[in-house]
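In what follows, a single structure is set out as structure tokens and then discussed.
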Amino acid sequence: MTTWKPDTCDCELEYDDDIKLIRVIKKCKLHNSIVDNADFFTAVISHNKTFNILTPEERQAEKERSRKV
Amino acid sequence: MGGEGSGRKPSEETIVKRMTPEQTPVGDGMFIPNYSGIQAAALKTSKPLGTGTSAGGGHTIQDEGVSETQRTNLNFSGSAVHVTDSAAGDATIVHIDAVGGASDHSALSNLDYATAGHTGFASEALNTSLSGSYFTHAADSTDPHGVTLTQTQIISSGTISGSAIHLTGALTAVGEISGSAFRGDGSFLTGVTGSGTIVYEGLYSTSTNSGSNQFVSFLGTTGSSVEDYIRHRVTQAGNFSKAWLYVSANTITNTSLLTLRDDGASGSTQISVGGGLTGEFSDDTNATTIAANSLCNWKITTGAGGGAIFTRGTSIDFTPS
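Top to bottom, those sequences are chains C and V. Going by the numbering used here, the first residue of the first sequence is number -8, and it counts up by one from there. Going by the numbering used here, the first residue of the second sequence is number 4, and it counts up by one from there.
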């Protein structure tokens, strides 16, 4: 079991070795509105991967946007 | 012959005598005029007359502030007292010598900060081996210990810092051992026993391509495909727990693993990094128990597909058993 804190938002969660969500520890402001945990996990992963392919300028803009949500 | 009627002239002495009236005593008493009557100092009730400019009357003899009965004589007694008369100096000399008193340091007793006499230093060397007092030593900012300070007892300190701290004995830590200076050379952890966290916070990063294994030291030396090159010896038996990893970039498609290695075998402590995920990953549940003198390190096993994973720091707690 691995605890993951993405570097793209303030969420915190636990998943198993098959990358299946076990427990949500914390939801950030950006993802707090997603009630279903499976959807929440998918959204956080998608956001993390998308964020990581952005340019540095785009990352900064995305961070600003996440904080304002 | 020559008498009255003899016709001879009386002598000059007879003439003078005859001219001098005969003195008749006034009486039994004699009155002597005084310039101011009887001097007060001459009265019986007054002290004897003094001489010179002194106050007169001598000292009042006291014992610890209590006056002694006044006597005619002042007598000094005791073997240490010697009284002599000096006619030349017109003085009575009283000499008190040190016979019977302590004149040697070792013979002194009842000094402060001592409960049973004062023994002093056993030798001269003990008295001169330190340069001044403790405070002088403590205030010395020029490193009075010289190039090397050898410490054989336990040092308990909040922070120990320095660019050349070389430990040849055991390092026991109850807090956190951290710092980029802890770069392992394959033998750093020899003799290290700790109950804190071994942290690497430097700028080290390793890129591991997909579908491969890479071995990384606890302290962030460059990864190697040969495990023996980067292992560290942990001399004390104990448990590794709470592994932590930071991934700064990850373009690998499938899951990658960070595993604690104990003498070439994978331990229970393991972190799974999902394909493409970045951030902080930790294993807060699994612990790996090791025996004394185990050779330990990390192993990164990357998933298939994609590019590479970049790890930029690890930490793990160690608790001696």
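From the three backbone atoms N, C-alpha and C, an ideal C-beta is built for every residue, glycine too.
1) Residues in its own chain within less than 8 angstroms of C:TYR6 by CB, not counting five upstream and five downstream?
2) Counting only the same chain and skipping the five closest in sequence on each side, list residues whose C-beta sits under 8 angstroms from that of V:GLY279.
3) Going by C-alpha distance, which of V:THR23, V:GLY282, V:THR281 and V:ILE233 is nearest V:ASP263?
4) With a threshold of 16 other CB atoms inside 10 Å of the CB of V:VAL276, please say whether the residue is buried or exposed.
5) Please report how far the alpha carbon of V:ARG315 lies from the alpha carbon of V:TRP247, in whole angstroms.
6) Just how far apart, CA to CA, sit V:SER213 and V:ALA307?
7) Check each candidate in V:GLN73, V:PHE284 and V:LEU77 and name the one with the smallest Cα separation from V:THR258.
8) Determine the extent of the alpha helix (DSSP H) in which C:ASN23 is found, giving its start and end residues.
9) Taking 6 angstroms as the limit between beta carbons, can you name the residues of its chain near V:THR281, skipping five residues before and five after?
10) Can you grab the Cα-Cα spacing for the pair C:ASN28 / C:VAL15, in whole Å?
11) I need the straight-line Cα distance from C:GLU55 to C:HIS38, nearest angstrom please.
12) Which residue from V:SER269, V:LYS302 and V:PHE243 puts its Cα closest to that of V:THR288?
13) So, does the CB of V:SER251 fall closer than 9 angstroms to a CB anywhere in chain C?
14) Starting from V:HIS62 and walking both ways along the alpha helix (DSSP H), at which residues does that stretch end?
15) If the cut is a Cβ gap below 8 angstroms, which residues of chain V does C:ASP30 touch?
16) Taking the beta strand (DSSP E) that C:ILE13 belongs to, which residues open and close that run?
17) Quick check: the Cα distance between V:SER324 and V:LEU261, rounded to an integer number of angstroms?
18) Does DSSP classify V:ALA94 as helix, strand or coil?
19) What residue range does the alpha helix (DSSP H) around V:GLU15 cover?
20) Quick one: grab the DSSP three-state call for C:LYS40.
21) Whose C-alpha, out of V:GLY81, V:ILE64 and V:PHE79, is nearest the C-alpha of V:GLN73?
22) Does the beta carbon of V:LEU280 sit closer than 9 angstroms to a beta carbon anywhere in chain C?
23) Consult DSSP for V:ASP231 and reduce its assignment to one of helix, strand or coil.
24) So the candidates are V:HIS62, V:VAL84 and V:VAL69; which of them puts its Cα closest to the Cα of V:ASN76?
Looking at the atomic coordinates:
1) MET(-8), THR(-7), TRP(-5), LEU12, ILE13 and PHE32
2) ASN253, THR254, ILE255, THR256 and GLY309
3) The question names Asp, but residue 263 of chain V is Leu in the sequence shown. V:LEU263 has its Cα closest to that of V:ILE233, out of V:THR23, V:GLY282, V:THR281 and V:ILE233.
4) buried
5) 11 angstroms
6) 5 angstroms
7) V:PHE284
8) Here C:ASN23 belongs to no alpha helix (DSSP H), and DSSP marks it neither H nor E.
9) VAL250 and ASN253
10) 7 angstroms
11) 14 angstroms
12) V:PHE243
13) yes
14) First-last for V:HIS62: undefined, no H or E at that position.
15) Going along chain V, no residue has its Cβ under 8 angstroms from C:ASP30, so there is no contact; the nearest lies around 17 angstroms.
16) 12 to 17
17) 24 angstroms
18) strand
19) 15 to 22
20) helix
21) V:ILE64
22) yes
23) helix
24) V:HIS62
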